[in-house]
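**Q** Can you read through this structure? Questions will come right after.
Residue numbers (our numbering): 2 to 223.
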């Protein structure tokens, strides 16, 4: 008999071509179970699964990825966001101009923000900083696109790495300082396993190319 188990408070999961992938935010770790989706299918809300293999159920419990009962007080057990729009366009351009004096000021603010809220922080704290309470989904506007353009103009000159997590964090914080917003999407693929993240607003990808991110299945959306 299948056993219903609930994802632990800090865990997200998704099925990818028959495999089952978990993201443990607290531990900053991904776990991939080959063909696990067939032995432990997720419910539509992706906060519970039905384990048909007793051995797998026990392994998941011992690993702390699932629990026997729901935890309504936990902030991760909120309803899943609306399905993501299919990424169709990229905000990236072929060429950006020379950074301006104002861009230099933005670099200074972004670096200070990174040092205060990102560097040395556990993954969970970075994720928590990226969460937002929204009354409506982020929307594309001319002003948002201008802010994204400015970011990509000066970002190569900032004394930071090009790591997708940091890039998305910096751009999201910049957008919110300017009164805008975007969805922060974490995706995975298998064989070979790879995790990636990007920012998206409606069908517009703000820091990547649609053809690249279509290879990833979203596992967590902030």
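We put the beta carbon where it would ideally sit given N, CA and C, even for glycine. These figures come from a predicted structure and were not determined experimentally.
#1: For residue 86, which residues in the same chain have their Cβ closer than 6 Å to its Cβ, ignoring the five residues on either side in sequence?
#2: When the Cα of residue 72 is compared with those of 180, 9, 219, which residue comes out closest?
#3: Just to confirm my understanding: we take residue 95, look at its own chain, exclude 5 residues before and 5 after, and list those with CB closer than 7 Å. What are they?
#4: I'd like the span of the alpha helix (DSSP H) that includes residue 128, first residue to last.
#5: Measure from the alpha carbon of residue 151 to the alpha carbon of each residue in 120, 102, 140, then state which is nearest.
#6: Taking C-alpha atoms, which residue in 177, 198, 178, 181 lies nearest to residue 224?
#7: Thinking just about the alpha-carbon of each residue, which of 125, 191, 194, 221 is nearest to the one in residue 200?
#8: I'd like the list of long-range same chain contacts for residue 210, defined as Cβ closer than 8 Å, with 5 residues on each side in sequence excluded.
#9: Would you mind sorting residue 192 into buried or exposed? The rule is 16 or more other CB atoms within 10 Å of its CB.
#10: Am I right that residue 171 and residue 115 are in contact with their C-beta atoms under 8 Å? What's the rounded C-beta distance?
#11: Taking the runs of the alpha helix (DSSP H) that are 4 residues or longer, which of them lie wholly in the region 171-209?
#12: Ordered along the chain, which non-local residues of its own chain (more than five positions away) have a Cβ less than 7 Å from that of residue 155?
#13: Take residue 219 and list the residues in its own chain whose beta-carbon comes closer than 8 Å to its own, dropping the five residues that flank it on each side.
#14: Could you pull the start and end residues of the beta strand (DSSP E) that residue 218 belongs to?
#15: Alpha carbon to alpha carbon, how far is residue 54 from residue 126?
#16: What's the call for residue 190, buried or exposed, on a 16-neighbour Cβ count within 10 Å?
#17: Can you check the region 30-110 for any alpha helix (DSSP H) of at least 4 residues that lies completely inside it and give the ranges in chain order?
#18: Along the alpha helix (DSSP H) that carries residue 154, what are the first and last residues, could you check?
#19: Does the Cβ of residue 1 have 16 or more other Cβ atoms within 10 Å, making it buried, or fewer, making it exposed?
#20: Could you check the C-alpha separation between residue 212 and residue 7 for me, to the nearest Å?
#21: So, with DSSP's three-state summary, where would you put residue 12?
**A** From the atom records:
#1: Along the chain shown, read from residue 1 onward, the residue named residue 86 stands at position 85. The residues are 203, 204.
#2: Walking along the chain shown from the start, residue 72 turns up at place 71. For the residues 180, 9, 219, the minimum Cα distance to residue 72 belongs to 9.
#3: Against the chain shown, residue 95 aligns to sequence position 94. Once the five neighbours on either side are set aside, residue 95 has no close Cβ partner at all.
#4: Numbered from 1 along the chain shown, position 127 holds the residue referred to as residue 128. That run of the alpha helix (DSSP H) goes 124-131.
#5: Your numbering for residue 151 matches position 150 in the chain shown. Taking only the C-alpha atoms, the option nearest residue 151 is 102.
#6: Since the first and last residues shown for the chain are 2 and 223, residue 224 lies out of range.
#7: Taking the first residue of the chain shown as position 1, residue 200 is located at position 199. The shortest C-alpha separation from residue 200 is found at 221.
#8: Reading the chain shown from its first residue, position 209 is the one you call residue 210. These residues qualify, in order along the chain: 91, 93.
#9: Along the chain shown, read from residue 1 onward, the residue named residue 192 stands at position 191. Under this definition residue 192 is an exposed residue.
#10: Residue mapping note: residue 171 aligns to position 170 of the chain shown, counting from 1. Residue mapping note: residue 115 aligns to position 114 of the chain shown, counting from 1. Correct: roughly 6 Å between the Cβ atoms.
#11: none
#12: As a first step, residue 155 must be located in the chain shown, where it is residue number 154. Cβ neighbours of residue 155 beyond the five flanking positions: 100, 104, 107, 108.
#13: For the purposes of this step, residue 219 is taken as the residue at position 218 of the chain shown. Excluding sequence neighbours, residue 219 sits near 15, 85, 186, 187, 188.
#14: Reading the chain shown from its first residue, position 217 is the one you call residue 218. That run of the beta strand (DSSP E) goes 218-222.
#15: Within the chain shown, the letter at position 53 stands for residue 54. Within the chain shown, the letter at position 125 stands for residue 126. When rounded, the distance between both Cα atoms is 34 Å.
#16: Within the chain shown, the letter at position 189 stands for residue 190. So residue 190 counts as buried.
#17: 37-40, 55-63
#18: Along the chain shown, one-based indexing puts residue 154 at 153. Looking at the DSSP string, the run of the alpha helix (DSSP H) that includes residue 154 is 143-155.
#19: Lying outside 2 to 223, the shown extent of the chain, residue 1 is not represented and no answer is given.
#20: Sequence index remark: in the chain shown, residue 212 carries index 211 (1-based). Sequence index remark: in the chain shown, residue 7 carries index 6 (1-based). C-alpha separation (whole angstroms): 34 Å.
#21: On the chain shown, position 11 is the one that residue 12 refers to. It is a strand residue.
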